[in-house]
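Peer 1: Chains L and P are the protein sequences, given in the same order.
Final position of the first sequence in our numbering is 536; the numbers increase by one with none missing.
Final position of the second sequence in our numbering is 536; the numbers increase by one with none missing.
Don't be surprised by glycine CBs; every beta carbon is placed ideally from N, CA and C.
Below is the structure I would like to discuss, written out as structure tokens.
2 protein chains.
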Amino acid sequence: MNAARLAGQVRIVGTGLLGTSIGLALRHLGVDVILANRSPAALRLAIDYGAGREAAPGDDPALVIVAVAPDSTADLVAAELDAHPGALVTDVASIKGSILADLTARGADVARYLGSHPMAGRERGGAMAARADIFLGRPWVITPHALTTPAQERLIEALALDLGSTPIRLSPDEHDRAVALVSHVPQIVASLLAARLLGGSAAVPALAGQGLRDTTRIAGSDPELWMQILGANAAPVTEVLRAFRDDLDGVVAALEDPAAPGAPTRLAAMLTRGNQGVARIPGKHGSDARYETLVVQVADAPGELARLLTEIGEEGVNMEDLRLEHSPGAQIGFAEIAVVPEAAGRLAEALEARGWELARGGQTQGSTS
Amino acid sequence: MNAARLAGQVRIVGTGLLGTSIGLALRHLGVDVILANRSPAALRLAIDYGAGREAAPGDDPALVIVAVAPDSTADLVAAELDAHPGALVTDVASIKGSILADLTARGADVARYLGSHPMAGRERGGAMAARADIFLGRPWVITPHALTTPAQERLIEALALDLGSTPIRLSPDEHDRAVALVSHVPQIVASLLAARLLGGSAAVPALAGQGLRDTTRIAGSDPELWMQILGANAAPVTEVLRAFRDDLDGVVAALEDPAAPGAPTRLAAMLTRGNQGVARIPGKHGSDARYETLVVQVADAPGELARLLTEIGEEGVNMEDLRLEHSPGAQIGFAEIAVVPEAAGRLAEALEARGWELARGGQTQGSTS
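In structure tokens form, the structure reads like this:
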């Protein structure tokens with residue numbers, strides 16, 4: 168067990184996915200975690216899970232983490248500021264500016280409130296889905312305001328680091344504009360795009376490929392949670408949506424009247440700017456220049472993929488990422504294996520020598536047709 | 168080597184990704200494949216690849232496949248109809264109505280033209296990326312028109328089946344409306360969304376998660392090809408885009424004036440319709456009700472994933488799909504394993520008994536926060 172950077176008791180209010188996951192992670196580090204939930208049954212579940220203990224007389228938490236739905240967050244932060252006058256109170260809601268404004272408006276002691284936002288989650292919520300490791304390697308945004316002290320920032324930073332996250336400092340407004348771009352507008356666009364399929368003919372879903380699956384995947388998210396998030400971040404979201412709509416209008420105009428001056432240029436600019444935008448996103452898809460991808464053909468038979476991975480291990484090559492492409496009904500799949508560029512050529516030769524069929528340097532994900 | 172359903176010579180005009188891949192696949196089946204390309208160097212490359220041979224005096228192809236860029240397709244189909252009066256001519260372009268209209272307008276012998284569209288591709292093009300198996304398990308749309316005979320349909324169906332595809336019959340217009348929905352509009356939306364990132368602050372990309380990566384991945388596609396596709400399918404695409412924009416206007420209005428009558432309902436409807444739309448898409452993400460997903464924690468050490476897959480094989484369970492989630496910098500990853508529901512409970516118990524840590528029934532892909 169590693170020692171926690173955090174010292175003292177931590178109180179977590181709300182034992183859903185995030186609250187319970189934070190509790191589990193802190194308990195692994197030996198921190199004394201006090202859990203609270205208005206539902207005794209939900210509280211019991213999180214305690215049984217090992218995420219912490221019930222409150223007891225004499226508790227004196229140094230840090231309170233409010234981990235409830237966005238539209239209950241300001242209420243509970245205010246209540247905790249009152250109840251624990253010696254504690255720093257933070258929250259984990261995915262919007263920040265409106266919560267601070269709400270607390271300020273109601274005269275809460277915002278000098279002891281420092282909002283934060285761990286950019287982690289899962290498609291299903293609730294304590295049952297909690298896991299100590301969902302924060303590993305994820306950004307944890309800390310949003311200092313005019314009254315925040317360096318010691319308070321260090322405390323939330325210690326929390327983020329204890330959970331394996333990367334702390335990132337942004338003002339509440341910067342945070343809200345950033346998540347509008349990377350999370351809230353993509354959610355709306357994915358939902359609107361998926362909704363369009365409801366008007367299509369019965370043949371349409373059969374033609375769906377990985378491109379459509381990827382662009383619409385997050386449309387499966389929880390509507391109730393998202394209504395709260397979008398409602399609370401309406402101004403930054405509408406600003407991005409309006410710019411998106413202007414661009415969209417330009418595309419529609421160019422398609423409707425391709426002979427108009429500048430129409431082809433506008434389509435080309437849209438596609439090129441899309442190329443440039445996606446290149447800014449770090450991570451596994453498309454733009455991760457750190458790795459080279461080998462695509463290996465794998466028969467759809469038990470043990471074949473295990474044999475491939477065993478043989479990659481025998482070659483002493485570390486696999487950075489793996490994705491399996493497997494068409495329904497096909498007797499064959501493709502394993503896309505990301506490795507450091509230095510190892511790619513050697514591994515390709517070794518695998519071919521071992522009898523594997525592979526296509527070097529390609530990506531089967533997605534189609535341009 | 169399996170026997171081909173196709174009989175006679177096949178001539179392929181254009182030796183890019185699709186033409187060369189079709190040639191490779193047909194050669195594997197022993198079909199006599201004649202290749203043509205206006206560039207002698209490109210032709211040589213495809214022949215060296217094993218995709219077919221050069222034309223020779225006395226060639227008499229039963230089938231000609233035109234596999235060139237969309238805006239050259241009608242020209243070359245017309246030329247091939249003239250040059251091979253005994254052959255059926257097809258093409259593989261991702262738009263169909265405008266090509267048929269163009270051929271009809273110029274008086275080509277459209278009674279011998281039957282368009283088709285293999286829904287397959289890769290992110291990189293060219294003969295070098297060709298692979299005989301890119302059509303396996305993919306839809307291959309066949310678009311009969313008023314003059315098409317059943318024998319002609321059977322010939323293109325034999326081609327699709329020979330290459331491992333699933334033939335789907337649609338009229339040219341049905342095809343164009345369907346691909347507008349599943350491919351062309353998603354491309355535009357992904358490009359516009361990715362382009363919005365260019366206006367964001369420097370902190371934005373660091374906050375990107377899997378949701379943004381997935382929604383924007385196809386924005387990395389080739390602008391030149393997509394200008395042709397969008398230009399040739401402008402009417403169906405603008406129809407879908409206009410409906411999308413109307414929905415978007417409704418969302419913007421609801422966010423700008425949340426107190427307006429119906430505003431919350433409109434947001435909820437948008438999100439719920441997104442849920443319903445994504446549920447229509449078959450495949451691996453989110454909505455594939457055929458399988459249950461086990462998420463297993465795997466240490467980032469050589470051989471660990473191979474050991475997991477070997478042990479799954481030892482339990483006699485067939486893995487339907489696999490995805491590895493691995494955060495940059497994290498010492499741990501998650502293997503998401505899709506299995507038939509009947510096997511999920513037993514496999515979960517067996518893996519836990521073997522010491523694996525797992526979260527049952529969840530998906531780590533994406534975040535709601």
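1) Give the straight-line distance between the Cα atoms of G512/P and P311/P, rounded to the nearest whole angstrom.
2) Taking the Cβ atom as the reference point for each residue, do A260/L and A347/L lie within a distance shorter than 9 Å?
3) Given that a residue counts as buried once 16 or more other Cβ atoms are within 10 Å of its Cβ, and exposed if not, what is L314/P?
4) Taking Cβ positions, are I309/L and L281/L nearer each other than 9 Å?
5) Between which two residues does the alpha helix (DSSP H) harbouring A466/P extend?
6) With a Cβ-Cβ cutoff of 9 Å, do V352/P and V419/P count as a contact?
7) Please name the residues in the region 407-427 of chain L whose beta-carbon is closer than 8 Å to at least one beta-carbon of chain C, in chain order.
8) Against I309/L, what residues of chain P qualify as contacts under a CB-to-CB distance less than 7 Å, listed in chain order?
9) Can you list, in chain order, the residues of the region 169-199 of chain P whose Cβ is nearer than 9 Å to any Cβ on chain L?
10) For M286/L and F302/L, what's the separation of their Cα atoms in angstroms?
11) Across the region 261-272 of chain L and the region 230-248 of chain L, are there enough close Cβ pairs to call them in contact, namely three or more that are closer than 8 Å?
12) Alpha carbon to alpha carbon, how far is P495/P from E459/L?
13) Beta strand (DSSP E) containing V200/L: first to last residue?
14) Between which two residues does the alpha helix (DSSP H) harbouring S350/P extend?
15) Relative to the alpha-carbon of R298/L, which residue among G175/P, F501/P, L248/P has its alpha-carbon at the smallest distance?
16) Is the beta carbon of A590/L sitting closer than 9 Å to the one on T182/L?
17) So, is the C-beta of T257/P closer than 9 Å to a C-beta in chain L?
18) Report the partner residues of T382/L according to the DSSP bridge assignment.
19) Can you tell which of N485/L, G366/L, V349/L has its C-alpha closest to the C-alpha of I262/L?
20) Checking contacts by CB at 9 Å: is D118/P closer than that to chain L?
21) By the three-class DSSP mapping on this structure, what secondary structure does E487/P have?
22) May I have the straight-line CA-CA distance separating L491/P from M295/L, to the nearest angstrom?
23) Decide if N204/P is buried, meaning its Cβ has at least 16 other Cβ atoms within 10 Å, or exposed.
24) Considering only C-alpha positions, which residue in the set R447/P, A373/P, L326/P is nearest to L193/P?
25) Less than 7 Å between C-beta atoms, sequence neighbours within five positions excluded: which residues of the same chain meet that for I396/P?
26) Would you list the one or two residues that DSSP bridges to Y280/L?
27) Please classify S206/P as buried or exposed, where buried requires at least 16 neighbouring CB atoms within 10 angstroms.
28) Can you tell me whether DSSP reads V346/L as helix, strand or coil?
29) Does any CB atom of chain P fall closer than 9 Å to the CB of W393/L?
30) Could you check how far apart the C-beta atoms of S358/P and L438/L are, in whole angstroms? I think they sit under 8 Å.
31) In three-state DSSP terms, what is I479/L?
32) Pick out the complete alpha helix (DSSP H) segments inside the region 391-457 of chain L, 4 residues or longer, and give them in chain order.
33) Kindly list, in the order they appear in chain L, the residues whose Cβ is closer than 8 Å to that of T405/P.
34) Between the C-alpha atoms of I335/P and Q319/P, what's the straight-line distance to the nearest angstrom?
35) Can you say whether T531/L is buried or exposed, counting buried as having 16 or more other CB atoms within 10 angstroms of its CB?
36) Of all the options P508/L, A473/L, A402/L, which has the alpha carbon lying nearest to the alpha carbon of P425/P?
Peer 2: Reading it off the structure:
1) The residue you call residue 512/P lines up with position 345 of the second sequence. The residue you call residue 311/P lines up with position 144 of the second sequence. Approximately 47 Å between the Cα atoms of the pair.
2) What you label residue 260/L is simply residue 93 of the first sequence in a count that begins at 1. What you label residue 347/L is simply residue 180 of the first sequence in a count that begins at 1. Taking 9 Å as the Cβ cut-off, A260/L and A347/L do not qualify as a contacting pair.
3) Mapped onto the second sequence, residue 314/P falls at position 147. That one is exposed.
4) Looking up residue 309/L in the first sequence gives position 142. Looking up residue 281/L in the first sequence gives position 114. With respect to the 9 Å criterion, I309/L and L281/L are classified as neighbours on the basis of their beta carbons.
5) For the purposes of this step, residue 466/P is identified with residue 299 of the second sequence, where counting begins at 1. For A466/P, there is no enclosing alpha helix (DSSP H); the enclosing beta strand (DSSP E) has its first and last residue at 459-466.
6) Residue numbering aside, residue 352/P sits at position 185 when the second sequence is read from its first letter. Residue numbering aside, residue 419/P sits at position 252 when the second sequence is read from its first letter. No.
7) In the structure shown, chain C cannot be found, because the protein chains are L and P.
8) As a working note, residue 309/L is residue 142 in the first sequence. Ordered by position in chain P, no residue passes the 7 Å Cβ test against I309/L, which lies about 12 Å from the chain.
9) Listed by position along the chain: L184, L185.
10) Locating residue 286/L in the first sequence gives position 119, where the first residue counts as 1. Locating residue 302/L in the first sequence gives position 135, where the first residue counts as 1. Straight-line measurement puts the Cα of F302/L at about 8 Å from the Cα of M286/L.
11) With the cut-off at 8 Å, the region 261-272 of chain L and the region 230-248 of chain L touch.
12) The count along the second sequence starts at 1 and reaches residue 495/P at position 328. The count along the first sequence starts at 1 and reaches residue 459/L at position 292. The predicted model places P495/P with a pLDDT of 42, which falls under 50 and marks its position as unreliable; any figure quoted below should be read in that light. Spanning the two alpha carbons is a distance of roughly 15 Å.
13) As a working mapping, residue 200/L is identified with position 33 in the first sequence. Secondary structure note for V200/L: its beta strand (DSSP E) is the uninterrupted segment 200-203.
14) On the second sequence, residue 350/P is found 183 positions in, with the first residue counted as 1. From DSSP, S350/P is part of no alpha helix (DSSP H); its letter is neither H nor E.
15) In the first sequence, the residue the question calls residue 298/L occupies position 131. Out of G175/P, F501/P, L248/P, F501/P has the C-alpha closest to the C-alpha of R298/L.
16) Any question about residue 590/L goes unanswered here, given that chain L covers just 168 to 536.
17) As a first step, residue 257/P is located in the second sequence; it is residue number 90 there, counting from the start. Not one chain L Cβ lies under 9 Å of T257/P.
18) Numbered from 1 along the first sequence, position 215 holds the residue referred to as residue 382/L. BP columns for T382/L are empty, so no partner.
19) Along the first sequence, one-based indexing puts residue 262/L at 95. Comparing Cα positions, the closest option is V349/L.
20) Any property of residue 118/P remains undetermined from this structure, which presents chain P solely from 168 to 536.
21) Here residue 487/P refers to the residue found at position 320 when the second sequence is read from its first residue. Reduced to three states, the DSSP call for E487/P is coil.
22) Against the second sequence, residue 491/P aligns to sequence position 324. Against the first sequence, residue 295/L aligns to sequence position 128. Taking the straight line from one Cα to the other gives about 22 Å.
23) Locating residue 204/P in the second sequence gives position 37, counting from the first residue. Per the 10 Å Cβ criterion, buried.
24) In the second sequence, residue 193/P corresponds to position 26, counting from 1. Residue L326/P is the option with its Cα nearest to L193/P.
25) On the second sequence, position 229 is the one that residue 396/P refers to. A distance below 7 Å between beta-carbons, with the five flanking residues on each side excluded, links I396/P to the following residues of its chain, in chain order: P237, S261, I262, H351.
26) As a first step, residue 280/L is located in the first sequence; it is residue number 113 there, counting from the start. Y280/L pairs with V256/L.
27) For this step, residue 206/P is matched to residue 39 along the second sequence. With fewer than 16 other CB atoms across the displayed protein chains lying within 10 angstroms of its CB, S206/P is exposed.
28) Walking along the first sequence from the start, residue 346/L turns up at place 179. DSSP, reduced to helix, strand and coil, places V346/L within a helical segment of the structure shown.
29) One-based indexing of the first sequence puts residue 393/L at position 226. Residue contact check for W393/L against chain P: a CB pair falls below 9 Å.
30) Numbered from 1 along the second sequence, position 191 holds the residue referred to as residue 358/P. Numbered from 1 along the first sequence, position 271 holds the residue referred to as residue 438/L. Their Cβ separation, rounded to whole angstroms, is 5 Å, which keeps S358/P and L438/L in contact under 8 Å.
31) As a first step, residue 479/L must be located in the first sequence, where it is residue number 312. Helix.
32) 401-423, 430-446, all fully within the region 391-457 of chain L.
33) On the second sequence, position 238 is the one that residue 405/P refers to. Here the neighbours are V419, L422, E423.
34) Stepping through the second sequence from its first residue, residue 335/P is reached at position 168. Stepping through the second sequence from its first residue, residue 319/P is reached at position 152. Going by the C-alpha atoms only, they are around 14 Å apart.
35) Along the first sequence, read from residue 1 onward, the residue named residue 531/L stands at position 364. The pLDDT assigned to T531/L is 32, lower than 50, so where the model puts this residue is not dependable, and the model offers no usable value.
36) Position 258 of the second sequence, counted from the first residue, corresponds to residue 425/P. Cα-wise, what sits closest to P425/P is A402/L.
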